[in-house]
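Counting along the sequence shown from 1, when you hit position 100 you're at 214 in my numbering, and nothing is skipped either side.
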Amino acid sequence: MKDKLVTVGVEYDEVLKRFMGKEDFYLRMLKKFLDDKNYDGLKQSVEGRNWKEAFTYAHTVKGLCGNLGLGSIMEYAAPLTEELRSEPYDEESILNYMKHVAKAYDKTVEVIKSL
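Right, here's the structure in full:
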């Protein structure tokens, strides 16, 4: 499990400390992440150019990924959230960050499903 998660930016030993060393609990939380709908909301909001709504979703995704230690998503979700924080919006930058978030998200989901 550790080797797979490291490939998507999880600093496994550090994250496991947050979960009091309970690997089974951490795995359950990762599986619950797969059911979360905030990423879908983020995608739809960005596609619809609804930047204020996209900010709310991006902020939530960033928080979830931060808590779970999903570093490859966080790498782009954090600056995406900041880009969406206030006007004027830089659409090109937002779409670029979103492209990277999507790629990292897809890879992370693939790894979690394989656990």
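Heads up, the beta-carbon is just placed ideally off N, CA and C, and yes, glycines get one too.
- Message: Rounded to whole angstroms, what is the Cα-Cα separation between glycine 135 and proline 202?
- Response: 44 Å
- Query: If you drop the 5 nearest sequence neighbours on each side, which residues of the same chain put their C-beta closer than 7 Å to that of leucine 119?
  - Reply: Tyr126, Val225
- Task: Determine the direct distance from the alpha carbon of threonine 195 to that of threonine 121, and round the result to whole angstroms.
- Result: 23 Å
- Which term fits glycine 162, buried or exposed, when burial requires 16 or more other beta carbons within 10 angstroms of its beta carbon? exposed
- Same chain only: Cβ atoms within 7 Å of threonine 222, ignoring 5 sequence neighbours per side: Val122, Leu184, Ser186, Ile187
- Can you name, in chain order, every residue of its own chain whose Cβ lies under 8 Å from the Cβ of leucine 141, other than the five neighbours on each side? Met115, Leu229
- Given tyrosine 190, which residues of its chain have a CB within under 7 Å of its CB, disregarding the five upstream and five downstream residues? The beta carbon of tyrosine 190 sits closer than 7 Å to those of Tyr211, His214, Val215, Ala218, all from its chain and outside the five residues before and after it, given in chain order.
- Task: Please confirm whether leucine 178 and aspartate 150 have their CB atoms less than 8 Å apart.
- Result: yes
- 4-residue-minimum alpha helix (DSSP H) runs that sit fully inside the stretch 154–205, ordered along the chain: 165–182, 185–198
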